[in-house]
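Residue numbering for the sequence shown follows numbering that gives the first Met the number 0, starting at 0 and increasing by one per position.
Note that the Cβ used here is the ideal one computed from N, Cα and C, for glycine as well.
It should be emphasised that the depicted structure is a prediction, and the values quoted were computed from it without experimental measurement.
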Amino acid sequence: MALGLVLLAVFGAAGWACFAHTTSWWVGSAVIDGVCAAMLWKFVLSYMLLPAIDAHQLRLPGMQRSLFVGWAFYGLLCVLLPAFGLGLWAGKVAVIAVIMAMFCLAGLLLALLPRYVDILIWAPFYAAAIHPHSVLGLSLGHSNFLAWALPLALLLLVLALARIHGLVVTSKPYAPSRNAPSVLGLGRAIAGAFAAGGGLYGSRAIAGRADWMQARASLRGCGQGRPVVSLRLALGGIFMPTNFMGWLRKHMVMLAAVLAVGGFMVWRALGDTHDLSPISGRHNEQLLVLSMLTGFASASMTFHCLMGLLQRWRNPNAELSLLALLPGLGRAGADVKRNLLLAILLPPLRIQLSLLAALMVLALGLHAALSTDVFVMLSQLSLAAAVVAYALLITGGQVAGRWLNLGISLLWPLLIMLPLFVSGRDRHLGNLAVSHLTLLFDAGWVLLIVLLLWLGRRGWRGLQQRPHPFLPR
Numbered sequence: 000m001a002l003g004l005v006l007l008a009v010f011g012a013a014g015w016a017c018f019a020h021t022t023s024w025w026v027g028s029a030v031i032d033g034v035c036a037a038m039l040w041k042f043v044l045s046y047m048l049l050p051a052i053d054a055h056q057l058r059l060p061g062m063q064r065s066l067f068v069g070w071a072f073y074g075l076l077c078v079l080l081p082a083f084g085l086g087l088w089a090g091k092v093a094v095i096a097v098i099m100a101m102f103c104l105a106g107l108l109l110a111l112l113p114r115y116v117d118i119l120i121w122a123p124f125y126a127a128a129i130h131p132h133s134v135l136g137l138s139l140g141h142s143n144f145l146a147w148a149l150p151l152a153l154l155l156l157v158l159a160l161a162r163i164h165g166l167v168v169t170s171k172p173y174a175p176s177r178n179a180p181s182v183l184g185l186g187r188a189i190a191g192a193f194a195a196g197g198g199l200y201g202s203r204a205i206a207g208r209a210d211w212m213q214a215r216a217s218l219r220g221c222g223q224g225r226p227v228v229s230l231r232l233a234l235g236g237i238f239m240p241t242n243f244m245g246w247l248r249k250h251m252v253m254l255a256a257v258l259a260v261g262g263f264m265v266w267r268a269l270g271d272t273h274d275l276s277p278i279s280g281r282h283n284e285q286l287l288v289l290s291m292l293t294g295f296a297s298a299s300m301t302f303h304c305l306m307g308l309l310q311r312w313r314n315p316n317a318e319l320s321l322l323a324l325l326p327g328l329g330r331a332g333a334d335v336k337r338n339l340l341l342a343i344l345l346p347p348l349r350i351q352l353s354l355l356a357a358l359m360v361l362a363l364g365l366h367a368a369l370s371t372d373v374f375v376m377l378s379q380l381s382l383a384a385a386v387v388a389y390a391l392l393i394t395g396g397q398v399a400g401r402w403l404n405l406g407i408s409l410l411w412p413l414l415i416m417l418p419l420f421v422s423g424r425d426r427h428l429g430n431l432a433v434s435h436l437t438l439l440f441d442a443g444w445v446l447l448i449v450l451l452l453w454l455g456r457r458g459w460r461g462l463q464q465r466p467h468p469f470l471p472r
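Here's what the structure looks like:
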């Protein structure tokens with residue numbers, strides 16, 4: 000993942016510099032490098048906190064010092080390499096260095112703060128939807144940029160150091176809590192996904208949740224003659240049928256944040272009466288931001304769904320074998336496979352199609368551009384196709400490959416974020432058809448769809464060749 004983010008930063012910044020024929024081309028290249036650096040610090044380098052906590056608990060000061068030195072080394076690399084690589088070319092070494100420092104520290108802080116604070120990562124794009132004159136709501140190329148950016152970078156550094164010190168010296172750093180940093184929760188989920196009792200929905204993870212976050216299973220409709228609902232109950236996790244209050248308690252924090260931001264953006268769009276044109280660039284940008292927000296929320300759900308499947312099908316375990324003994328599954332292998340696929344695919348597809356329907360109603364009601372409608376559909380349908388393809392791969396006993404998974408996980412966010420940058424430059428999404436990036440954008444979507452279709456075909460053939468689907472990979 001770290002290598003993929005570095006390659007994406009290098010080629011993305013170089014591509015933007017080649018295609019952006021403006022005097023402020025370096026701003027787009029610096030933002031691309033900064034976003035990749037923030038992801039690197041949030042999802043990769045932030046995990047150095049875990050051995051630092053263990054070193055403090057075990058009273059190993061030498062190991063703790065080496066980890067902090069490594070953090071400082073990687074921080075200097077992430078700041079100085081783009082600063083000299085782009086800065087010497089554009090004559091903006093100090094400005095690009097401060098931009099990279101802010102992105103790196105913001106990514107680290109998001110990993111050190113509770114998970115519900117992750118909604119703040121999209122604050123620049125919310126500002127773009129409210130303020131129509133800048134794609135990021137910030138004047139990165141303004142002459143007074145360093146006057147406020149340098150103190151902000153120092154403040155982020157102080158907050159990050161204070162948070163790291165507080166997490167390292169606390170007496171119970173791994174105690175389950177609603178305010179626990181996201182690096183602890185995601186680290187346990189990924190590291191334990193392939194171990195007995197570990198993972199997102201393992202026994203230890205479920206027992207460690209707060210009582211108000213415990214899922215409340217709904218037994219209505221289960222039993223013999225209802226194999227799909229019974230399989231959903233046995234699979235557990237995100238597939239488990241729950242009542243409305245149980246689902247609401249589990250997702251109330253993130254749901255409240257998404258609804259608040261999305262509702263505010265919709266209110267701004269519907270209340271914008273000074274622009275009476277049938278196709279408003281302002282509305283297009285707001286729809287792009289809202290579709291990107293819902294897309295990443297749907298991608299998070301897809302990730303949790305697939306990690307739960309991987310946990311159950313990767314290694315032999317008694318729970319997987321017991322699924323084949325559920326009464327009423329049917330004698331024919333085709334019936335069992337069909338019921339299992341319905342149990343796996345129905346919960347995530349219902350949510351994704353509901354989000355797609357809501358976005359399309361909003362897009363049609365605002366008379367958005369045709370290209371915006373197509374983008375809104377692709378942002379959700381691509382994730383639905385990913386759920387189907389990888390569910391077939393996992394239950395069919397197939398493996399996609401590390402590099403292919405990395406390519407898809409980097410290509411999809413790039414395709415989701417690119418239209419917002421181009422729309423912010425051209426002010427009208429219709430101008431996207433004549434921009435230099437259109438061909439690459441269309442080719443990227445075609446490549447992603449072809450890859451998902453190929454993966455789905457491999458998984459379907461593997462599932463058809465199995466005597467029954469309850470076999471480990």
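Three-way DSSP call (helix, strand, coil) for residue i in this model
{"i": "Pro468", "result": "coil"}
{"i": "Thr394", "result": "helix"}
{"i": "Asp425", "result": "Because Asp425 sits at a pLDDT of 46, beneath the cut-off of 50, its placement in the model cannot be relied upon, and the following sentence gives the value as read from the coordinates. In the structure shown, Asp425 sits in a helix (DSSP, three-state: H, G or I)."}
{"i": "Ala174", "result": "coil"}
{"i": "Trp459", "result": "helix"}
{"i": "Thr301", "result": "helix"}
{"i": "Thr169", "result": "coil"}
{"i": "Asn338", "result": "helix"}
{"i": "His164", "result": "helix"}
{"i": "Arg231", "result": "helix"}
{"i": "Gly400", "result": "coil"}
{"i": "Ser378", "result": "helix"}
{"i": "His55", "result": "helix"}
{"i": "Asp274", "result": "A caution first: Asp274 carries a pLDDT of 47, below 50, which makes its placement in the model unreliable, though a value can still be read off. In the structure shown, Asp274 sits in coil (DSSP, three-state: anything other than H, G, I, E or B)."}
{"i": "Val34", "result": "helix"}
{"i": "Ala159", "result": "helix"}
{"i": "Arg311", "result": "helix"}
{"i": "Leu365", "result": "coil"}
{"i": "Leu324", "result": "coil"}
{"i": "Val387", "result": "helix"}
{"i": "Leu431", "result": "Unreliable positioning characterises Leu431 in this predicted model, as indicated by a pLDDT of 46, which lies under 50. The coordinate reading is nonetheless provided below. Three-state result, Leu431: helix."}
{"i": "Val43", "result": "coil"}
{"i": "Ala195", "result": "Because the pLDDT at Ala195 is just 42, under 50, the model does not fix this residue reliably, and the point stays unresolved."}
Alpha helix (DSSP H) segment containing residue i, residue limits
{"i": "Cys221", "result": "Per DSSP, Cys221 belongs to no alpha helix (DSSP H) and is neither H nor E."}
{"i": "Met101", "result": "92-111"}
{"i": "Leu75", "result": "60-89"}
Identified DSSP bridge partners for residue i
{"i": "Pro180", "result": "Pro113"}
Is it the case that the region 375-387 contacts the region 352-364, given that we only count it when at least three CB pairs across the two stretches are under 8 Å? yes
When the Cβ atoms of the region 404-412 are set against those of the region 363-371, are three or more pairs found closer than 8 Å? no
Answer yes if the region 384-403 comes into contact with the region 450-469, meaning at least three C-beta pairs across the two stretches below 8 Å, and no otherwise. yes
Any 3 or more C-beta pairs closer than 8 Å across the region 163-172 and the region 25-36: no
Would you call the region 70-87 in contact with the region 99-117, where contact means no fewer than 3 C-beta pairs closer than 8 Å? yes
Counting pairs of Cβ atoms below 8 Å between the region 442-450 and the region 298-309, do you hit three or more? no
Is the region 84-98 in contact with the region 41-57, if contact means three or more CB pairs nearer than 8 Å? no
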